[in-house]
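Going by our numbering, the letters in the sequence shown line up with residues 230 to 439, in that order. We treat Cβ as the ideally placed atom computed from N, Cα and C, and that holds for glycine. Have a look at the structure below before the remarks.
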Amino acid sequence: MKRQKQASRYLRVATLAYKVTQAVLPLYRHANSPKVYTQPQLVASVLLKVYLNLSWRDLEDWLLTSDQVCAVLELEQVPDHTTLYRTFQHLPMAVLRSLNHTLLRWLGVSESVMLVDATGFSPTQASTHYRSVSGRTMPSANIKSHWFDNIGDTFDYTYEVNDETLTIWGGEKGSPAYYKGKWSDDGNTNSGGWVYPDGGGYKSTMTRIK
Numbered sequence: 230m231k232r233q234k235q236a237s238r239y240l241r242v243a244t245l246a247y248k249v250t251q252a253v254l255p256l257y258r259h260a261n262s263p264k265v266y267t268q269p270q271l272v273a274s275v276l277l278k279v280y281l282n283l284s285w286r287d288l289e290d291w292l293l294t295s296d297q298v299c300a301v302l303e304l305e306q307v308p309d310h311t312t313l314y315r316t317f318q319h320l321p322m323a324v325l326r327s328l329n330h331t332l333l334r335w336l337g338v339s340e341s342v343m344l345v346d347a348t349g350f351s352p353t354q355a356s357t358h359y360r361s362v363s364g365r366t367m368p369s370a371n372i373k374s375h376w377f378d379n380i381g382d383t384f385d386y387t388y389e390v391n392d393e394t395l396t397i398w399g400g401e402k403g404s405p406a407y408y409k410g411k412w413s414d415d416g417n418t419n420s421g422g423w424v425y426p427d428g429g430g431y432k433s434t435m436t437r438i439k
């Protein structure tokens, strides 16, 4: 009975998320879009990610096992996590917040319970299953940092350091947005660059200040 209620809730959220996006978004972002997925389908999936507090990879896996949700979203195939992340990147934050606000209002959920951060990254490395069954956050074995801006958005990062390289993931380890750089011989400089899923990014050099 509990599983049926959960499934029913997910279907209701998916249905309303799709209705919200269909009401305000054009079918495609531009005339040359591949037209494999519509904007309402992709953005509704992003809203589900925010509502369920999933990572991008978890969202893809969740959709792959949710035939009824895919039917509601009219998805003939599930977009991969990089496609979903690119959709998020191209979506103005003001639009995402407005869509999220409308969805929560239709669901009768207090907006203070659901916060959309500026990255869409999961705020914890703990598995979704662990969070769902325990209600707690598992301590991370990785070095993590959190950056807060002046409008309430949060940016989370995970670090991996060894004698030769430094890797910084935007959000969880294995994220499609990451920095990778090499240490200088004296260990005082790290040179590399940020890589983004849409092919963007930039070079960066960090120098230790003594």
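Query	Result
Short Cβ contact (9 Å threshold) for Leu514 with Val242	The chain is shown from 230 up to 439; residue 514 falls before or after that span and cannot be answered.
Whole-angstrom distance between Thr396 and Pro321, CA atom to CA atom	28 Å
Cβ neighbour criterion (16 or more within 10 Å) applied to Ala406	buried
Range of the contiguous alpha helix (DSSP H) that encloses Asn329	Met322 to Leu336
Assigned secondary structure, Glu389 (DSSP; H/G/I helix, E/B strand, else coil)	strand
C-beta atoms of Tyr247 and Glu303 nearer than 9 Å	yes
Whole-angstrom distance between Arg326 and Lys402, CA atom to CA atom	26 Å
Beta-carbon spacing of Glu389, Trp376 below 9 Å	no
Tyr431 versus Ile372, Arg437 and Lys409, residue with shortest Cα-Cα distance	Lys409
Proximity of Thr311 and Leu271 at Cβ, strictly below 9 Å	no
Span of the alpha helix (DSSP H) around Ser274	Gln268 to Leu281
Cut-off 7 Å between Cβ atoms - residues of its own chain near Thr244, not counting five sequence neighbours on either side	Val301
Pick from Tyr280, Trp285, Ser237 and Asp415 that is closest to Gln318, judged by C-alpha positions	Trp285
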